[in-house]
Structures are given as C-alpha cells and as structure tokens.
Amino acid sequence: MTLKDTLFKKLDEKQDRMIEIRRHLHAHPELSFEEHETAAFIENFYKGKDVTVHTNVGGGTAVVVDIESGNPGKIIGLRADFDALPVHEETNLAYKSTRDGLMHACGHDAHTAYLLTLADALIEMKDELSGTIRIIHQHAEEKPPGGARDIVASGILDNLDEVYGIHVFPFVDQGKIEIHEAETYAGSSTFDIVIQGKGGHAAMPQNTKDAIVAASYFVTQLQTVVSRCTDPKNSVVVTIGAFEAPGTHNVIQGKVVLKGTTRYLDEPSKDIAYAAIKNQVEGLEKAFGVTVDLDYHFNYPVLYNHVEQTRAVRDILKQSEGSYFNEVVEGDTLSGSEDFAYYLKQTPGTFYIVGAKPEGTADPYPNHHPKFEINEESMMICAKSLGEVVLSRMER
Numbered sequence: 001m002t003l004k005d006t007l008f009k010k011l012d013e014k015q016d017r018m019i020e021i022r023r024h025l026h027a028h029p030e031l032s033f034e035e036h037e038t039a040a041f042i043e044n045f046y047k048g049k050d051v052t053v054h055t056n057v058g059g060g061t062a063v064v065v066d067i068e069s070g071n072p073g074k075i076i077g078l079r080a081d082f083d084a085l086p087v088h089e090e091t092n093l094a095y096k097s098t099r100d101g102l103m104h105a106c107g108h109d110a111h112t113a114y115l116l117t118l119a120d121a122l123i124e125m126k127d128e129l130s131g132t133i134r135i136i137h138q139h140a141e142e143k144p145p146g147g148a149r150d151i152v153a154s155g156i157l158d159n160l161d162e163v164y165g166i167h168v169f170p171f172v173d174q175g176k177i178e179i180h181e182a183e184t185y186a187g188s189s190t191f192d193i194v195i196q197g198k199g200g201h202a203a204m205p206q207n208t209k210d211a212i213v214a215a216s217y218f219v220t221q222l223q224t225v226v227s228r229c230t231d232p233k234n235s236v237v238v239t240i241g242a243f244e245a246p247g248t249h250n251v252i253q254g255k256v257v258l259k260g261t262t263r264y265l266d267e268p269s270k271d272i273a274y275a276a277i278k279n280q281v282e283g284l285e286k287a288f289g290v291t292v293d294l295d296y297h298f299n300y301p302v303l304y305n306h307v308e309q310t311r312a313v314r315d316i317l318k319q320s321e322g323s324y325f326n327e328v329v330e331g332d333t334l335s336g337s338e339d340f341a342y343y344l345k346q347t348p349g350t351f352y353i354v355g356a357k358p359e360g361t362a363d364p365y366p367n368h369h370p371k372f373e374i375n376e377e378s379m380m381i382c383a384k385s386l387g388e389v390v391l392s393r394m395e396r
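Read in order, the letters of the sequence shown are residues 1 to 396 in the working numbering.
As structure tokens, then:
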C-alpha cells in the first residue's frame, strides 16, 4: 500500500467525524479576533497527540501545530482560517448558527474541519513521512489587515519551504478544482472620507458650504482614477460603498461620510490609485471650501501564486482526475481579496479553489450571503487533494 493509499484510507475512516466537526463549528461562529472558543476547540483536538502546539500566535487566537516526522525533508505549511462573519443566518440547516447575527458564511468552518482531519491522519502516519508539516489554524481572515500578517510577523513561519491553502466556493461545481498561477486575488485598500462643510437652510444655499454637492462631485470625479490615471492593461476597481448624509427636505447638510474600496492586481496600481484619490481630496477642499479628512488603509496585498508550485500542484492533481474529484481546471483571476497573500509574499506556494456547489442547486447563494451553504462532500476533496500535494512535494 502506498503512502497515498494509506492516507486516503485514514481520511475515509474519519469522514463522519470531519462532518461532525464542521457542524459543531458552524453552530458556534465567532468574529475575527474574538475566536476564543474555536481556538480552544482546535487546541483540545491536538491534546495527547505527538505534535508541537503553539497558541496565541501573532498576538491573536491562531494555533500553529508542527507534525515532525523525525526524518530529513522540507517544512511545508498548510493553512485554514476559522473566523466567521457578522451575518444573521437564514438557512434551515439543523446545525445553523446558535448565535444571533453571527454566521460561518464563507466556509471557514469547513476549512478548519478538513484541515483538522488531514492533520489527524498525517499524525498517525508521521513516522513514514519526511520533514515537518506545519498546520496553520489562522484567525481573523475576514477583518483587515487579517490574521496572516501578524502570524508572518511573529517569525514562526520564517523557515517554511512551501505553503498551501484552499478555499471552498459554492458557485464552482462540486468535484471541480480551480487553480490559477501568478496574480490570482486582488489586493485591496479601504478608505473613509469625512467632508465637513457648513449647513444651513435649503432656501439659502449661498450661506452654506454644501457637503452633499461636494461629495456628489467627488464620487463622480472618482471614476477618473481608473479611466484616466491607471494603465488600461491593468485591472483596477474603485468603489464607493456608502454615502451617509442623513437629513430632511429643507436643510443643507454640513457633513457627509463616504466609505470606499480600491482593488488592484499589481503594486504600482495600488500606489497610483492612492495618489489620485489623495489629489482629488485636496482639489475638493479648494473647489468647494470644505475640509476633507481622508483615512486610507492598505489592507491585503495581491495574492500571487508561485508558478513552479502552482504547476506542480496542477500536475499532481491531474493524475487523480476522475477518482475522488472530477477535474482540475484553470481558474480565473478574482477581484476579491485573501490574506493568504501574506504567506505567499514570504514563501513559495499556491492557493486554489475547491468547488462546493450544494446538490440540486442551480443558482447557489454566494459567500457572505445569509443563506450560504456548501456541499459537505467538498471537504474530503480538500483533505485528499492537499494531502496528495504534501506527500508529493515532500519527496522533492
């Protein structure tokens, strides 16, 4: 029996427990940087096992576990996130969230369940392995700047040779794996703008500094950041997501709050977008006589899948097409952001997608939706595919 056969047999035997873990976590979601019960659950899972456990990594609730074979070889990192979202669950699942206004609406419960299961199987066969497998249970992926940044800054991953991760998506067919090399997820920044003018009576605008007019002009002008400031060959998005100016019919508001985001697939575009927005803010003050406070945050970097590791993973998985999953295909570049990018800035590796479309669903609810659901069979594809990658890459 090969190592792969042994691993897959162990995983199959643990499938029921994997589903139990996922459902327990789904029923007990916790927000980013507040995942104390989840971290305790993970720590307890490893009690009595022959591993080295590091807790509170990066100043948060992260748990990092070393599975040391005792044999020479690479140090390979595997990561799963475990935070939830401030979403009120609207599914009819028997194990739906027990916490009002909190939900695992992005599949992080499934990520944690499959990685715990894979880790458990690898621990049982660790004497047959080489090198060290570093399991990274990460907190706070959903809340910028994300838990990954602080885990990397802690230095605990400095000696990693490679790092790998997966995300489940219900809009990708069950049984399909998508992988994309080079720039794969966009980098993101957020900004908050407060425009302070001088309010007054709607019938006497000459006596005011109309913040609503200034803000409206700014939102329109903002569209030129992409059309006139960035290279047309580069993908950039600038979006205003909130325009807050509560008032009534006959009052000119003296204050408007704007909230927005920028997305980009290269570092120069990140800097160009910031400089252009900053210049427009300064021009707005001069043009309308208002004061503008710009609070700009660079959140997640561009996620770059290293070419060598991505092609290697694709080749490994191609050999298993039609067995425990249907096919591996070239994925698309995504405009969403993912803080796994911090690991890949330091260590070569790749991050891929496993389809999790619920059975019998033609139009599944997307991630972050209150009716978000996954096909739980996708978790075994995650565990087996990542296990297969680890076994293969440790030999090289």
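All C-beta atoms in this analysis are idealised placements derived from N, C-alpha and C, irrespective of residue type, glycine included.
Note that the structure is predicted; figures quoted are calculated from it, not measured.
Identify, in the order they occur along the chain, each residue of the same chain with its Cβ nearer than 8 Å to the Cβ of Thr91, setting aside the five sequence neighbours on each side.
Same-chain partners within the cutoff: Pro370, Lys371, Phe372, Glu373.
With a CB to CB cut of under 7 Å and the five nearest residues on each side skipped, what residues in its chain are close to Lys176?
So the list reads Asn326, Glu327, Val329, Gly355, once near-sequence residues are dropped.
Residues that Ala80 bridges to, as DSSP identifies them
Beta-bridge analysis with DSSP links Ala80 to His137.
For Arg263, write down the residues that DSSP places opposite it in a beta bridge.
According to DSSP, which records beta bridges pairwise, Arg263 is partnered with Ser188, Val237.
Helix or strand or just coil, what does DSSP make of Asp315?
Secondary structure of Asp315 (DSSP, three-state): helix.
Tell whether a beta-carbon distance below 8 Å holds between Phe191 and Leu284.
Taking the C-beta atoms as reference points, Leu284 is found no nearer than 8 Å to Phe191.
The beta strand (DSSP E) enclosing Asn305, as first and last residue numbers:
First-last of the beta strand (DSSP E) with Asn305: 303-305.
Inter-residue spacing [alpha-carbon to alpha-carbon] between Ile133 and Leu317:
Those two C-alpha atoms are separated by around 19 Å.
Just how far apart, CA to CA, sit Gln346 and Glu282?
So the two alpha carbons sit approximately 36 Å from each other.
Check this for me: beta carbons of Leu11 and Leu118, under 8 Å apart or not?
Going by C-beta atoms, Leu11 is nearer than 8 Å to Leu118.
What residue from Asn250, Gln253, Glu244, Leu258 has the CA that sits closest to Val238's CA?
Looking at the Cα atoms, Leu258 is the closest of the given residues.
Once the 5 residues before and after Gly200 are set aside, which same chain residues still bring their CB inside 6 Å of it?
Once the five neighbours on either side are set aside, the close Cβ partners of Gly200 are Asn207, Thr208, Ile252.
Beta carbon proximity, Ser392 to chain D, threshold 8 Å
Among the chains in the structure shown there is no chain D, since it carries only a single protein chain.
If we ignore side chains and look at the alpha-carbon of each, how far apart do Ala312 and Ile381 end up?
When rounded, the distance between both Cα atoms is 18 Å.
Where does Gln223 sit, in a helix, a strand or coil, going by DSSP?
Gln223 falls in the coil class under three-state DSSP.
Give me the Cα-Cα distance between Ala80 and Asp271, rounded to the nearest whole angstrom.
In a straight line, the C-alpha of Ala80 is about 30 Å away from that of Asp271.
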